[in-house]
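Take a look at the structure set out below.
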Amino acid sequence: MEPCRVDAVRTHGKHLIFIDLTRDERTIQVMCNYKSFERKDADQGKEPGPAIEQAWEKFAKTVKPRDTYAFTGRPMTTSSGQSTLECKRLPTLLAPSLHQRPDNIKDRQTLARFPQLELDQSIEKRRLIKLRHGILKYLRWYLHGAHFVEVNTPIIAADAGGAVAKPFVTRGNKTSDQDLFLRIAPELELKKLIAAGMDRVYEIGPSFRNEGLDATHNPEFSICEFYMAFASLSSIMQRTEIILRQLVERFTVSPGDQLPLPEYLPTLKNLSSTMKESFPKIQFLPKLEEILHEQAELADFHFQQPLTTESLQSVIDIMPKLGIKQEQIGNDPKVPHILDLLASHLLEPLCDKPSFIVNYPAIMSPLAKSYICPQTGIELSARAELFIHGTEVANMYEEENNPFVQARKFLLQQLDSLDNTAQALERLGGSTLDELSHQQIVNLLTPGQRYYIRVLEMGLPPTGGWGCGLDRLVMLLGGAKRIEEVLPFGNLRHVIAMGT
3 MEPCRVDAVR THGKHLIFID LTRDERTIQV MCNYKSFERK DADQGKEPGP
53 AIEQAWEKFA KTVKPRDTYA FTGRPMTTSS GQSTLECKRL PTLLAPSLHQ
103 RPDNIKDRQT LARFPQLELD QSIEKRRLIK LRHGILKYLR WYLHGAHFVE
153 VNTPIIAADA GGAVAKPFVT RGNKTSDQDL FLRIAPELEL KKLIAAGMDR
203 VYEIGPSFRN EGLDATHNPE FSICEFYMAF ASLSSIMQRT EIILRQLVER
253 FTVSPGDQLP LPEYLPTLKN LSSTMKESFP KIQFLPKLEE ILHEQAELAD
303 FHFQQPLTTE SLQSVIDIMP KLGIKQEQIG NDPKVPHILD LLASHLLEPL
353 CDKPSFIVNY PAIMSPLAKS YICPQTGIEL SARAELFIHG TEVANMYEEE
403 NNPFVQARKF LLQQLDSLDN TAQALERLGG STLDELSHQQ IVNLLTPGQR
453 YYIRVLEMGL PPTGGWGCGL DRLVMLLGGA KRIEEVLPFG NLRHVIAMGT
C-alpha cells in the first residue's frame, strides 16, 4: 500500500479511472478498473457486493486533485507502453482536499497571501528549496571534513553583534527593563569561542537587519560564518575558491543523490567555466582612482590619508554624474557610506566572473586587522569580498585581535554615526581621541563591545573569518532573480501578508 497525492483524474466510462499521482516530484499513473479488483476483499472478508459497488461509485464521484490516497496493486504496462500501477483493491482515502486547487495563479498578491499555492504549482520553486538543502548539506560536509565544529550562538542578546546595521529591538517578559536585540551577525560570539581555545568553529543560521527589502535583501536572512585560528587572508581566499568550485561541480558532475537539476544546468555550467583559473583580484582604491580618472575627468585626484569628507569632496560633487542618485548620497554622507556607494556603482559591476575586491579602506572594516599601505600611507584592512555577477557572495578578513586598536575602532565607529563634531566632542567629554587612555575609550563603548574588548585582552590568536549569505548563494546557483524565490514563504512582506 503506497500513499500518494492525486494530481489528475481521467474517467473512462463507469468502471475505469486513470489517476496521475505525484510524490517527491515523481509521477506515476494508476489504473483503477473496478472489474479487475480482487474478488475477495481482505478487509471485508466477503465477496464484493452492493456495499462495495456503492463505495466504488462514491470514490469515482469524489476523487479529485490534491486528495491523498493509498493504492494497492501490481505494476504493468499499458497498450501505449506507459508504466502503470494496476489497482487491485478500492483505494483508501487518507486525507481529502476540501478546496479545489486553482491552476496557474499569476496574481502576486494572492501568491503572497498563500505562498504554499506557489510552492504547489511551481516545480521550479520546489527545486530551489531542494537546491538550498543541497548547498547546506555540502557546506556542512566540507567544514566537517576540514575539522570545524558547528555551534549555535545566541540569536537574542543584549547587543546586536558585529556588523554595522540597524537591529530589531524587543523586550522579554522577564527582562522588561532592558532592550534586547535580534542578532545582526554571529561574528563576535564565534570569535569568543576561538579565544576560548576552539580553533575552528562555524555556524549556519538566521540573522536579522532592520533595513532594506529588495531583490537581494530580506530583513531575515541565513548566513554561514566560520572562523579559523592562525589563518591568513590569502589562505581564506584559497579556501573560498575551493568551496565554490566544489559546490558548482557537485551539482553539475557528481552522480547519485547530488540533486541533479537540469533546469539549473545552464547557470551552473556557465559558472563552472569561469572557475577553472584563480579568481582575479581588484584593488579597491587603485581601481577606483583609475575609474575616476577615466569616467569623471578627475585626472589629478588621489585618495590620501586620512580619508575624510573634505578630502573626498571633489568625488562627492561628481557622484550624480556617475549614476549615483542624490537621495542615495544624502545630505551629510559619511566616508564609509561614500566609499561603499562608489564600490557598488563602479567596482562591483566589474565582477561578472568570480572576482575578489581586496584591500578595503580600514574605515569601512572596523573588525578587520588593518595596516598602512607602504605606497600611499593609507590605512587599509586585510579584507576581501567575493563577487559573482556583480553580487556579493562572501566576505572574509583577518580579524583584529589587538584590544587597544579594536577599542579605538569601536569608538570611531560610534563617532562616525553622530551628526556633527560638537556631538563627537561631547561624547569624548571635551577631549580629543588621542588624549584618551585605553580604559577611558573602553568606558565609552557599549556593554557588548566592552565585553568583547576584555576577551581580546585575554588573548585572541591570529584568526581568519569568513561569511556567506546563503540566500544569495542559492540565488546565484539556481538562477533566481529575487530573494523571495529561494525562501519557502517568500520575503518579509509575504510573511506578513499570509492569510490576510
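This note's numbering applies: residue 3 is where the sequence shown begins, and numbers increase by one.
C-beta: ideal position from N, C-alpha, C; glycine also.
Apart from the five residues on each side of it in sequence, which residues of its chain come closer than 6 Å, Cβ to Cβ, to W143?
Excluding the 5 residues flanking it on each side, W143 has no same chain C-beta neighbour closer than 6 Å.
What is the rounded straight-line gap between the Cα of N445 and the Cα of R452?
Near 7 Å, if we compare the C-alpha coordinates of R452 and N445.
Other residues of its chain near R385: CB distance less than 6 Å, five sequence neighbours each side excluded
Excluding positions up to five away in sequence, the list reads Y362, S367, A370, Y399.
Residues near M460 by beta carbon distance below 7 Å, same chain, minus five either side
Counting only Cβ-Cβ distances below 7 Å, and skipping sequence neighbours, we find A197.
Which runs of the beta strand (DSSP E) spanning at least 3 residues fall entirely within the region 191-248, listed in chain order?
With a minimum length of 3 residues, the unbroken runs of beta strand (DSSP E) contained wholly in the region 191-248 fall at 202-210, 222-231.
Could you compute how far the alpha carbon of L121 sits from the alpha carbon of F210?
Answer to the nearest angstrom: the Cα atoms are 25 Å apart.
Ends of the alpha helix (DSSP H) at K289?
Segment 286-297, the alpha helix (DSSP H) holding K289.
Is the region 77-87 touching the region 107-115, taking contact as three or more C-beta pairs under 8 Å?
Too few Cβ pairs lie closer than 8 Å, so no.
Which complete alpha helix (DSSP H) runs does the region 437-484 hold, if anything under 4 residues is left out?
Within the region 437-484, the complete alpha helix (DSSP H) runs of at least 4 residues are 440-445, 449-460, 472-480.
Throw me the rounded Cβ distance for the L494 and E292 pair, which I believe falls under 8 Å.
That pair is no contact at about 39 Å.
Out of curiosity, what's the CA-to-CA distance linking Q46 and L92?
Unreliable placement is indicated for Q46, whose pLDDT of 49 sits below 50; no coordinate value is reported for it.
Which residue or residues does DSSP assign as beta-bridge partners of I88?
The identity of residue 88 in the sequence shown is Glu, whereas the question assumes Ile. Note: E88 is bridge-paired with M33, R76 in the DSSP secondary-structure output.
Pairs of beta-carbons, one from the region 405-414 and one from the region 380-396, closer than 8 Å: are there three or more?
As far as the Cβ criterion goes, the region 405-414 does not touch the region 380-396, which means the pair count is below three.
Assess contact between the region 146-164 and the region 349-361, defined as three or more Cβ pairs (one per stretch) separated by less than 8 Å. Is contact present?
No: fewer than three Cβ pairs fall under 8 Å.
What are the boundary residues of the alpha helix (DSSP H) that F507 is part of?
Because the chain in this structure spans residues 3 to 502, residue 507 falls outside the shown range and cannot be described.
Within its chain, find whatever has a CB closer than 6 Å to the CB of Q260; leave out the 5 residues flanking it on each side and keep chain order.
The pLDDT assigned to Q260 is 49, lower than 50, so where the model puts this residue is not dependable; a value taken from the coordinates is nonetheless given after this. If we look at Q260 and ignore the five residues flanking it on each side, its Cβ neighbours are R252.
Name the one or two DSSP bridge partners that R28 has.
According to the DSSP secondary-structure assignment, R28 is paired through a beta bridge with R25.
Whole angstroms is fine: what's the gap from R7's alpha carbon to D26's?
The alpha-carbon atoms of R7 and D26 are separated by roughly 10 Å.
The region 177-197 in contact with the region 426-442 per 3-pair CB rule at 8 Å:
No, the region 177-197 is not in contact with the region 426-442.
Looking at I206: is its Cβ nearer than 8 Å to the Cβ of L100?
No, the pair does not count as a contact, with Cβ atoms beyond the cut-off.
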